[in-house]
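Asker: Just so we're on the same page, our numbering is the position in the sequence shown counted from 1, plus 258.
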Amino acid sequence: MTELQGYLLLSALLFTIGLAGAITRRNAILALIGIELMLNAANLNFIAFWRFGPNPEALTGLMFVIFSIAIAAAEAAVGLALIIAIYRHYKSVNLDEMNNLKG
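1. Does the contact criterion of 3 or more C-beta pairs under 8 Å hold for the segment 343–351 versus the segment 295–313?
2. Per DSSP, N285 forms a beta bridge with which residues?
3. Determine the direct distance from the alpha carbon of L288 to that of I275, and round the result to whole angstroms.
4. With R284 and D354 assumed to form a contact (beta carbons below 8 Å), what rounded beta-carbon distance in angstroms separates them?
5. Can you list, in chain order, the residues of its chain with a C-beta nearer than 6 Å to that of F304? Leave out the 5 residues immediately preceding and following it.
6. What does the alpha-carbon distance come out to for the pair A334 and M356?
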C-alpha cells in the first residue's frame, strides 16, 4: 500500500463516519459535527492529491483547503445560529421535533 492509498483510505473512513453521524443522529449539533467531519475528509483528499501529485510546488491543493476551511467556518457559524434560534423557539434541538417548520 502506498502512502497516497493510506491517506485516501483514512479519508474514506472519516467521510463514512461523518456521513453516518449526519444521517443517524437526531441532535442537530451532532449532525453538524458529522457534516464538518465530511468536509475535513475532503480536505484530507485535497492535501493528499496535492502532496503526491506531479507538481507539489504549485500550492493548488493548499489553496483549495484554505477556501474549504473558510467555507466550513461560515457554514458552522450559520448552522449554529440557526440551531440557537430553533432552540429558543422550540426549547429542543431534536431533529425529529422539527417537522412543523414549514414556510
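Note that beta-carbon positions come from the ideal geometry of N, C-alpha and C, so glycine has one too.
Answerer: With the structure as the only source:
1. Flag = no, the segment 343–351 and the segment 295–313 do not touch.
2. In the DSSP output, where bridge partners are listed per residue, N285 has N352.
3. So the alpha carbons of these two residues sit roughly 12 Å apart.
4. Indeed they touch by this definition, with Cβ atoms about 5 Å apart.
5. These residues qualify, in order along the chain: G319, F322, V323.
6. Going by the C-alpha atoms only, they are around 19 Å apart.
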